[in-house]
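Scroll down for the structure; my scribbles are underneath it.
Numbering (my numbering), first residue to last: 2 to 438.
Written out as structure tokens, the structure is:
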């Protein structure tokens, strides 16, 4: 991911507004993968044109799918249930989701493929997928036994029942996607319910999935080509992108921001409960025309003065991407906000615990770093007047830009080009709902 770009964010004030956000990145990527395996041409509406999705699309094209753009829609012609061996390495860019899920799909194919990524992705451990895929019969050769680039030798998979050692939608999806091609029924047991986009899509496409409490089971093809129908569906707005504006409203007393057509999967929207608990006014309206795979609708948040809270390990899976924003909330709330059970943040695009603590301290926030989170002692006044770094992490850059709606002095953010990977229109949307202080 690019670490270039620098933006000076002047102190600003939020104003009321209605926004729409780009398509959900996770749903966009999964849609591309399944469309690439389908028979015929699928139409994916409102797909995100960010870096991670484009990397996934490029990999699918290298595996035999074809695609063309029609305005904001992507039309994908699939491979009728089986990919072909790629001629070159599959470059997943900065996408950990793309790398982990594509590994699951290709584990069931009887050929060798090599996965690469950018400098940031190459530092992210992939052991969590190595273990279950090798239990199923695939072989993976990883750098230092855990990092990309890595080579995957697929084919001849056996079904397994796999208990996730931690709640991870990416690992769960990787195993279920591999299970599509395995011999027998593959089950994944999750300790805490996490996002279920993959299961929703399987059901919408009529794939042989059984869902029980805490367990998902897929019946495999035994290595034969899959029967995946072409589809036409809409990608809802990305809740993780909407979260920036919901938090901006929550830290701005008396201001209401609404986001329309946003995905409301309960495995993604845990932030809403945190916002309510901290004192924000939250209203949700489900659109009756929601897509067959995911609910979506309009969310409105009004700031009413924030009080501190505690976010623990049981909540983390359903708001893992929003935890930097929870830190922003804690910086502006009365009392001591605690985030714990979130050690996974240390192996994201950056060490989000260490980096968020460093950046918050730079702008005058009282924050204590802990191995699995942080403790914030909030204030109604945030100093600002400092230069902070994103280290090429899009969520860190945007989180600091949101905090700037409450600072007394400007924040200069280094490394803003990375924002385009998930939210290409972020700065335009920020301009729509802010005025200079």
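Think of the CB as a built atom: it goes at the ideal place given N, C-alpha and C, for glycine as much as any other residue.
Since residue i and residue j should fall inside the 8 Å C-beta cutoff, what is the C-beta to C-beta distance between them, to a whole number of angstroms?
i, j, result
"residue 32", "residue 172", "Not quite, the Cβ-Cβ distance comes to about 20 Å (not below 8 Å), so this is no contact."
"residue 242", "residue 23", "6 Å"
"residue 43", "residue 232", "5 Å"
"residue 40", "residue 92", "At roughly 27 Å, the Cβ-Cβ gap does not stay under 8 Å, so residue 40 and residue 92 are not in contact."
"residue 332", "residue 255", "Incorrect: roughly 19 Å between the Cβ atoms, too far for contact."
"residue 159", "residue 183", "6 Å"
"residue 252", "residue 433", "Incorrect: roughly 18 Å between the Cβ atoms, too far for contact."
"residue 168", "residue 195", "5 Å"
"residue 348", "residue 125", "6 Å"
"residue 276", "residue 283", "5 Å"
Spatial neighbours of residue i within its chain, please: CB distance less than 8 Å, with the 5 preceding and 5 following residues excluded, ordered by chain position.
i, result
"residue 341", "311, 312, 313, 314, 371, 373, 374"
"residue 200", "177, 210, 212, 217"
Does the beta-carbon of residue i have 16 or more other beta-carbons within 10 angstroms, so that it is buried, or is it exposed?
i, result
"residue 13", "buried"
"residue 2", "For residue 2, the pLDDT reaches just 42, beneath the cut-off of 50, and the residue's location in the model is therefore unreliable, although a value from the coordinates is still provided. Flag for residue 2 reads buried."
"residue 139", "buried"
"residue 368", "buried"
"residue 149", "buried"
"residue 366", "buried"
"residue 70", "exposed"
"residue 95", "buried"
"residue 129", "buried"
"residue 133", "buried"
"residue 266", "buried"
"residue 250", "buried"
"residue 88", "exposed"
"residue 146", "exposed"
"residue 390", "buried"
"residue 304", "buried"
"residue 316", "buried"
Leaving out the 5 sequence neighbours to the left and right, which residues in its chain are closer than 6 Å to residue i when beta-carbon positions are compared?
i, result
"residue 247", "302"
"residue 90", "115, 117"
"residue 29", "48, 49, 54, 236"
"residue 291", "297"
"residue 5", "418"
"residue 395", "419, 420, 422, 423"
When the Cα of residue i is compared with those of the options, which residue comes out closest?
i, options, result
"residue 186", "196, 162, 207", "162"
"residue 35", "435, 416, 294, 331", "294"
"residue 318", "71, 191, 406", "191"
"residue 152", "113, 306, 272", "113"
"residue 157", "239, 164, 58, 136", "136"
"residue 178", "111, 106, 61", "106"
"residue 355", "333, 386, 385, 397", "397"
"residue 268", "288, 170, 253", "170"
"residue 418", "399, 406, 435", "399"
"residue 82", "206, 214, 416, 263", "206"
"residue 110", "307, 155, 174, 405", "155"
"residue 84", "97, 104, 145", "104"
"residue 240", "353, 270, 234", "270"
"residue 174", "376, 52, 219", "219"
"residue 329", "345, 307, 349, 348", "307"
"residue 65", "37, 384, 102, 229", "37"
"residue 8", "412, 20, 282, 381", "412"
"residue 299", "309, 262, 101, 122", "262"
"residue 119", "393, 427, 430", "393"
"residue 222", "230, 208, 214, 234", "208"
"residue 27", "198, 381, 335, 401", "198"
"residue 361", "234, 383, 78", "383"
"residue 61", "78, 230, 165", "78"
Which residues in the same chain as residue i place their Cβ atom closer than 7 Å to its Cβ, once the five residues preceding and following it in sequence are excluded?
i, result
"residue 75", "45, 48, 68"
"residue 204", "210"
"residue 244", "272, 323, 326"
"residue 427", "399, 420"
Is any beta-carbon of chain C found at less than 8 Å from that of residue i?
i, result
"residue 358", "Absence of chain C from the displayed structure is noted, only one protein chain being present."
What beta strand (DSSP E) runs, 3 residues minimum, are completely inside the region 108 to 174?
-> Counting only runs of 3 or more residues that sit fully inside the region 108 to 174, the beta strand (DSSP E) segments are 113 to 117, 140 to 144, 148 to 154, 162 to 164, in chain order.
Please specify which runs of the alpha helix (DSSP H), each continuous and at least 4 residues long, are wholly inside the region 407 to 437, giving them in chain order.
-> The region 407 to 437 contains these whole alpha helix (DSSP H) runs: 427 to 433.
Which runs of the alpha helix (DSSP H) spanning at least 4 residues fall entirely within the region 257 to 309, listed in chain order?
-> As for any alpha helix (DSSP H) of minimum length 4 sitting wholly inside the region 257 to 309, the runs are 271 to 278, ordered along the chain.
Continuous beta strand (DSSP E) assignments of at least 3 residues falling wholly in the region 368 to 396 | You should have 374 to 378, 387 to 390.
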